[in-house]
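Numbering-wise (my numbering), the sequence shown opens with residue 1 and increments by one.
Yeah, the Cβ is synthetic: ideal placement off N, Cα and C, and Gly gets one too.
These notes concern the structure reproduced below.
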Amino acid sequence: MNIRLRDEWKSLLEDEFQMPYFTRLTAFVKEEYASHTCYPAGANIFAALEACPPEQIRVVILGQDPYHGPGQAHGLCFSVQEGVSIPPSLVNIFKEIQSDMGTVPPTNGNLMRWAEQGVLLLNATLTVRAHQAGSHQRKGWELFTDAVIRKVAEMHQGIVFMLWGNYAQKKGAFISEQDHLVLKSAHPSPLSAYQGFLGCKHFSKCNDFLQANGKVPIIW
Numbered sequence: 001m002n003i004r005l006r007d008e009w010k011s012l013l014e015d016e017f018q019m020p021y022f023t024r025l026t027a028f029v030k031e032e033y034a035s036h037t038c039y040p041a042g043a044n045i046f047a048a049l050e051a052c053p054p055e056q057i058r059v060v061i062l063g064q065d066p067y068h069g070p071g072q073a074h075g076l077c078f079s080v081q082e083g084v085s086i087p088p089s090l091v092n093i094f095k096e097i098q099s100d101m102g103t104v105p106p107t108n109g110n111l112m113r114w115a116e117q118g119v120l121l122l123n124a125t126l127t128v129r130a131h132q133a134g135s136h137q138r139k140g141w142e143l144f145t146d147a148v149i150r151k152v153a154e155m156h157q158g159i160v161f162m163l164w165g166n167y168a169q170k171k172g173a174f175i176s177e178q179d180h181l182v183l184k185s186a187h188p189s190p191l192s193a194y195q196g197f198l199g200c201k202h203f204s205k206c207n208d209f210l211q212a213n214g215k216v217p218i219i220w
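Now the structure itself:
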């Protein structure tokens with residue numbers, strides 16, 4: 001696996017790269033990409049980390065799997081490249097931001113603008129086989145992304161973690177709510193958005209918390 005990562009992340013995660021599970025994961029991912037269409041493109045597998053230096057992280061949003069349709073996934077959870085139709089979950093995220101913050105929804109779903117402000121958009125699983133949701137789960141990615149979350153939580157205080165849906169909440173269960181702001185709601189998917197995501201006001205709560213702790217708010 002071609003690990004394109006900032007030196008700060010390589011240093012922080014050096015122990016993980018030496019673990020037996022990561023060796024097995026690397027072999028699995030190489031074989032999958034060699035024999036099937038997989039997403040995101042190999043150069044973007046670690047794009048969430050590459051876009052967001054560890055020392056600059058202010059917010060963490062957890063997703064589950066990359067998008068598994070052509071042209072969608074580019075390494076940031078919930079995000080799609082410009083020119084790609086905005087997926088339903090992201091439409092609901094933009095709806096909530098508009099309701100909460102009073103801002104006009106963007107015309108594209110590329111969330112790199114958030115990552116560049118210190119929002120880590122991390123999927124639990126960083127790769128997927130085309131058209132097969134969950135196909136790369138339980139191969140080692142979850143262990144790796146758990147380690148990323150732990151490192152971020154340990155190196156900072158006052159991070160805002162947004163945990164949308166049961167999966168994200170279980171994955172983030174070890175995050176200290178004494179050291180960080182942990183915001184929980186239903187998932188923004190159309191199947192559950194009306195069960196607590198829409199109206200959660202996570203984006204204003206996040207910015208209020210950041211400002212109260214002397215940090216610059218996010219331009220959502």
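So for residue i, helix, strand or coil by DSSP?
i: Trp-220; result: coil
i: Lys-151; result: helix
i: Cys-77; result: coil
i: Phe-144; result: helix
i: Met-19; result: coil
i: Asp-179; result: coil
i: Leu-111; result: coil
i: Tyr-194; result: helix
i: His-156; result: coil
i: Leu-5; result: coil
Taking just the CA atoms, how far does residue j sit from residue i?
i: Gln-234; j: Pro-87; result: The shown model of the chain, from 1 to 220, leaves out residue 234, and the question about it has no answer.
i: Lys-139; j: Phe-22; result: 9 Å
i: Thr-127; j: Asp-65; result: 7 Å
i: Asn-92; j: Tyr-39; result: 23 Å
i: Ser-79; j: Pro-20; result: 31 Å
i: His-227; j: Val-216; result: Residue numbering for the chain in the displayed model covers 1 to 220; residue 227 lies beyond these limits and cannot be assessed.
i: Ala-73; j: Ile-218; result: 23 Å
i: Leu-90; j: Arg-6; result: 28 Å
i: Trp-141; j: Phe-17; result: 12 Å
i: Ala-34; j: Ala-51; result: 26 Å
i: Glu-96; j: Phe-144; result: 30 Å
In the DSSP assignment, what are the bridge partners of residue i?
i: Ser-10; result: Correcting the residue type first, residue 10 is Lys in the shown sequence and not Ser. Paired residues: none, contrary to the question.
i: Lys-184; result: Leu-163
i: Tyr-33; result: Tyr-33 pairs with nothing; no bridge assigned.
i: Gln-132; result: Arg-129
i: Ile-61; result: Leu-121, Met-162
i: Cys-38; result: Arg-129
Under a Cβ-count criterion, where at least 16 other Cβ atoms within 10 Å of its own Cβ denotes burial, should residue i be classed as buried or exposed?
i: Lys-170; result: exposed
i: Asn-207; result: buried
i: Gly-71; result: exposed
i: Arg-58; result: buried
i: Phe-174; result: exposed
i: Leu-163; result: buried
i: His-131; result: exposed
i: Tyr-194; result: exposed
i: Leu-191; result: exposed
i: Ser-11; result: exposed
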